[in-house]
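S.K.: Count along the sequence shown starting at 1, add 37, and that's the number in my numbering. We put the CB at the ideal spot given by N, CA and C, even for glycine. Since the structure is predicted, the reported quantities are computational estimates derived from the model, not experimental observations.
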Amino acid sequence: MLLLVGLTQSCEQSAKSEAIEPRALLDSAITAHGGARYDGATIRFALNNYDFELKREGYTYDYKMSQEKDGALHMVNTFNGGLTYKIGDSLVDHGGRQMTLIRERVNNVAYDFYIPYSLTGNDIVLEYLGTENMRLKPYHKLKVSYKQIPGADPDERAYVLWISADTYEIDFIAKQNEAASGRKQFMAAAYKRRVGGMLFSDFELYQTPDRNKEVAIDSLGMAYNSGNMQRKAVTTYMDIEVDPKSN
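1) Roughly how many angstroms separate the alpha carbons of Leu-242 and Arg-248, rounded to a whole number?
2) Does the Cβ of His-131 have 16 or more other Cβ atoms within 10 Å, making it buried, or fewer, making it exposed?
3) Taking the alpha-carbon of Met-102 as reference, which of Arg-93, Asn-117, Gly-119, Arg-81 has the nearest alpha-carbon?
4) Exposed or buried, which one is Gln-267 when buried takes at least 16 other CB atoms within 10 Å?
5) Specify whether the segment 158 to 168 and the segment 176 to 183 touch according to this definition: at least 3 beta carbon pairs, one from each stretch, less than 8 Å apart.
6) Output yes or no for whether 9 Å exceeds the beta carbon distance between Tyr-148 and Ile-57.
7) Which partner residues of Gly-119 appear in the DSSP bridge assignment?
8) Would you call the segment 169 to 179 and the segment 246 to 265 in contact, with 3 or more CB pairs under 8 Å?
9) Apart from the five residues just before and just after Ser-47, which ones in its own chain have a Cβ nearer than 7 Å to its Cβ?
10) Could you spell out the range, first to last residue, of the alpha helix (DSSP H) harbouring Arg-231?
11) Exposed or buried, which one is Gln-244 when buried takes at least 16 other CB atoms within 10 Å?
12) If contacts are defined as beta-carbon pairs under 8 Å, then Ala-78 and Asp-276 qualify, I think. What distance do you get, rounded to the angstrom?
13) Which class does Thr-168 belong to by DSSP, given the choice of helix, strand or coil?
14) When the distance is taken between beta carbons, is His-70 closer than 9 Å to Leu-179?
15) Taking Glu-206 as the reference, which of Leu-84, Arg-231, Gly-188, Phe-223 has the closest Cα?
16) Please look up how many angstroms separate the CB atoms of Leu-198 and Pro-246, rounded, as I've assumed it's under 8 Å.
17) I need the DSSP call for Val-181, collapsed to helix, strand or coil.
18) From Leu-163 to Lys-106, what distance separates their C-alpha atoms?
19) Specify the secondary structure class of Leu-173 as computed by DSSP and reduced to three states.
20) Would you kindly work out how many angstroms separate the C-alpha atoms of Thr-97 and Leu-91, rounded to a whole number?
21) If I measure Cβ to Cβ from Gly-125 and keep anything under 7 Å in the same chain, skipping five residues before and after, which residues do I get?
22) In terms of alpha-carbon separation, which member of Ala-83, Asp-192, Asn-114 lies closest to Ile-139?
23) Do you know how far the Cα of Glu-215 is from the Cα of Pro-191?
24) Just the Cα atoms here: how many angstroms apart are Met-112 and Gly-119?
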């Protein structure tokens with residue numbers, strides 16, 4: 038009898054998992070976070086002593102990062118196919134490798150900021166991982182990875198999103214930049230607010246004693262629930278301003 042009950046419960050859980058379509062789940066999360074309001078809006082905020090101005094419209098983007106340094110404004114502007122670095126009114130070139138790192142820094146901040154809106158490209162692979170309770174509340178787990186392009190360097194980035202089963206807001210994110218280093222991040226939403234109809238969340242960053250290296254990215258939620266993590270930092274978006282897309 039116990040075996041029959043166990044098999045029945047397992048079949049019911051499997052059926053529920055199969056009923057969740059990954060793309061539909063992501064679309065629900067995008068809607069919950071602000072949906073179409075992101076498209077074409079200009080968003081400004083301060084983060085880690087830098088000022089950012091972001092704009093995405095379809096597959097085009099225009100991102101700016103600036104900081105006052107030694108009495109002059111340093112401005113980085115990345116956009117489709119381009120990158121400029123200005124100190125005051127003068128264009129500067131720090132060399133190929135350095136400029137690539139600068140571009141990646143700005144683009145990575147923007148990419149993570151726009152989650153889940155940024156996860157709609159043709160290179161995205163979505164996998165539904167079932168449900169998991171976090172802080173005693175039910176969440177859907179959605180894994181995001183990237184298609185491998187023949188002849189290109191392997192793209193080992195991956196995310197796991199914990200999407201509230203009640204609100205479809207993303208309250209937890211695990212992130213892996215590359216598999217070889219074992220470096221992963223686990224982030225829990227802290228202060229949440231809406232500006233211009235868009236959801237903005239600060240995130241607390243947590244690590245296990247081994248800096249998340251020995252824990253699989255989709256198991257970091259279990260480590261968090263077990264209390265085997267320490268808070269290491271907080272990502273705080275300050276002075277948020279939103280200019281909606283002009284019609």
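M.R.: For this structure:
1) For Leu-242 and Arg-248, the distance between alpha carbons rounds to 11 Å.
2) Result: exposed.
3) If we check each option's Cα against that of Met-102, Arg-81 comes out closest.
4) Counting Cβ neighbours within 10 Å, Gln-267 comes out exposed, since fewer than 16 surround it.
5) The segment 158 to 168, when compared against the segment 176 to 183, does touch it at the 8 Å Cβ threshold.
6) No, the pair does not count as a contact, with Cβ atoms beyond the cut-off.
7) Residue pairing by DSSP places Gly-119 opposite Phe-116 in a beta bridge.
8) Three or more beta-carbon pairs drawn from the segment 169 to 179 and the segment 246 to 265 are found closer than 8 Å, and the two stretches are therefore classed as touching.
9) Note that Ser-47 has pLDDT 44, beneath the 50 cutoff, so the model's placement of it is unreliable and no number is given.
10) Run containing Arg-231: none in the alpha helix (DSSP H); it sits in the beta strand (DSSP E), 221 to 232.
11) The residue in question, Gln-244, is buried, as its Cβ has 16 or more Cβ neighbours within 10 Å.
12) Not a contact, Cβ separation roughly 16 Å.
13) The three-state secondary structure of Thr-168, taken from DSSP, is strand.
14) Going by C-beta atoms, Leu-179 is not nearer than 9 Å to His-70.
15) Taking only the C-alpha atoms, the option nearest Glu-206 is Arg-231.
16) With a Cβ gap of about 25 Å, Leu-198 and Pro-246 do not count as contacting.
17) Under the three-state reduction of DSSP output, Val-181 falls in the strand class.
18) Going by the C-alpha atoms only, they are around 42 Å apart.
19) DSSP places Leu-173 in the coil class of the three-state scheme, outside both helix and strand.
20) Our two residues, Thr-97 and Leu-91, have alpha carbons roughly 11 Å apart in a direct line.
21) For Gly-125, same chain residues with a beta-carbon under 7 Å away, outside a window of 5 residues either side, are Ala-109, Leu-110 in chain order.
22) When each option's Cα is compared against that of Ile-139, the closest is Asn-114.
23) Those two C-alpha atoms are separated by around 9 Å.
24) In this structure, the straight-line span from the alpha carbon of Met-112 to that of Gly-119 is close to 14 Å.
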